[in-house]
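Colleague: For the sequence shown, our numbering begins at 310 and goes up steadily by one.
Each residue gets a CB set at the ideal place from its N, CA and C atoms; glycine is no exception.
Remember, it's a predicted structure, so these values are computed and weren't measured experimentally.
One structure, as structure tokens, below. Some questions next.
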Amino acid sequence: MDPDAWRAVLTALPKVQATKSENNLAEKAANAFRNAPKLDQVHGVFEAVAAEAEGPASALAESAVLRLASRKVGSPEARAAANASLDAGWSQPKRRLQILKAAAQIGDASRAAAFVAALDDTDPTIAKAARETIGRLKIDPDKFRAEARAAKVGDLPIDDVLAQVQKITGDATRGGQLFGQIGCNGCHTVKADELVKGPYLGTIATVYKRRELAEAILLPNKTLAQGFVANHFELKDGTEIDGFVVREAADAVTIRTIAAIEQTIPISHIALREKQQRSLMPDGLAAGLTVRELASVLDYLEQLSRGPK
């Protein structure tokens, strides 16, 4: 289905929802739409319509963006784009109100901390919507207010953080949400059937202990483990490429970039090749998290390594 067709669906479905039926077919149709497996292929349509923040079509698109942002399957790029759309939209009052209402309608508490912060919004309409959303989703505001007051990882000595995360148990579900929100899924996959980009983390906790995982996140350049070392190539035509080597041959080398693109480079085209002395993962990725939130990310990675229950 092309983008124009999806826009037509966004316009038509709210009209269908306005029609009452004994077996609630309209709402079932809307849920089927929100949970359709290929929504990530046209995520840009939903983000664009949601950004308009005008009427039922935008509200339905917003619910699709929320679903895409919190999905554990599908395209990591679509999840990252959906989260970026929500982050940008939250700064706009009309969109903020729309996000709150959409989250309440579909039962999505993935942005609970932001919803709690909206209780103090200067716009009374938004504050009221936040109260209604929090009530409907059964969110405990005190829990998130306590988190907001807690010290951030970036403000604490690394050794203190490493010691604390070994003792603290977080929330693996929340950790999965944070994994997407801080951008980890932009470079890493966690499921065997996902298109591989940077190092696979689905079983990482079977290789590294909890402290080592935390240290790898907080100090990405301290130790570059095998499989996590990227190579920098400079080609004779002036092109520069960074990526992970996946195949070596006598006449060519194949690398995979963090965008999951494999590229084969003829040896004869390479002017310079060297191992990166720094990780492709940026410093300060977890600086804005609390220690408990970082612990939740670690819990999520450990849960992945244990496999499905």
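In or out: D349 buried (at least 16 other Cβ within 10 Å) or exposed?
Modeller: Buried: at least 16 other Cβ atoms inside 10 Å.
Colleague: For A514, is the classification buried or exposed, using 16 other Cβ atoms within 10 angstroms of its Cβ as the cut-off for buried?
Modeller: Buried, since its Cβ has 16 or more Cβ neighbours within 10 Å.
Colleague: Nearest to V600 by CA position, among A438, L409, I477, Q401, is which residue?
Modeller: Nearest option by C-alpha distance: I477.
Colleague: Shortest alpha-carbon distance to D551 belongs to which of A561, L428, T566?
Modeller: Closest by alpha carbon: T566.
Colleague: Provide the residue span of the alpha helix (DSSP H) that contains V461, from first to last.
Modeller: Looking at the sequence shown, residue 461 is not Val but Lys. Neither: K461 is in no alpha helix (DSSP H) and is coded neither H nor E.
Colleague: Within 10 Å of its beta-carbon, does T442 have 16 or more other beta-carbons around it, so buried, or fewer, so exposed?
Modeller: By the neighbour-count rule (16 or more Cβ atoms within 10 Å), T442 is buried.
Colleague: When burial is assigned at 16 or more other CB atoms within 10 Å of the CB, is V555 buried or exposed?
Modeller: Looking at its Cβ environment, which holds fewer than 16 other Cβ atoms inside 10 Å, V555 is exposed.
Colleague: Identify the residues that DSSP records as bridge partners of H541: which are they?
Modeller: D551, E583.
Colleague: Quick one, which of R316, A481, A539, R454 has its alpha-carbon nearest A366's?
Modeller: Ranking the options by Cα distance to A366, first place goes to R316.
Colleague: Cβ atoms of E602 and G484: under 9 Å apart, would you say?
Modeller: Taking 9 Å as the Cβ cut-off, G484 and E602 qualify as a contacting pair.
Colleague: For P575, which three-state DSSP category applies?
Modeller: P575: strand per DSSP, three-state reduction.
Colleague: Relative to the C-alpha of D480, which candidate in Y609, T434, R615, L409 has its C-alpha closest?
Modeller: Minimum Cα distance to D480 is reached at Y609.
Colleague: What does DSSP give as the partner residues of R565 in its beta bridges?
Modeller: Note: R565 sits in a beta bridge opposite F553, E571.
Colleague: Below 8 Å on the Cβ atoms is my contact criterion, and I expect T548 with A561 to pass it. Report the Cβ-Cβ distance as a whole number of Å.
Modeller: Actually they are not in contact, since the Cβ atoms of T548 and A561 sit about 15 Å apart, beyond 8 Å.
Colleague: Return the chain-ordered list of same chain residues with a C-beta closer than 7 Å to the C-beta of A546, the five sequence neighbours on each side being excluded.
Modeller: According to the sequence displayed, residue 546 carries Asp and not Ala. Same-chain partners within the cutoff: there are none.
Colleague: In whole angstroms, what is the alpha-carbon distance linking G593 and V374?
Modeller: Approximately 27 Å, taken between the alpha carbons.
Colleague: Using 8 Å as the threshold, is the stretch 453-468 in touch with the stretch 409-416, meaning 3 or more CB pairs across them?
Modeller: Contact fails: fewer than three Cβ-Cβ distances are below 8 Å.
Colleague: With 16 other CB atoms within 10 Å as the buried threshold, where does Q401 fall?
Modeller: By the 10 Å Cβ count, Q401 comes out exposed.
Colleague: So Q490 is in the alpha helix (DSSP H); what residue range does that whole segment cover?
Modeller: That run of the alpha helix (DSSP H) goes 481-490.
Colleague: Within the continuous alpha helix (DSSP H) that includes I271, where are the two ends?
Modeller: Outside the shown range of the chain (310 to 618) lies residue 271, about which nothing can therefore be said.
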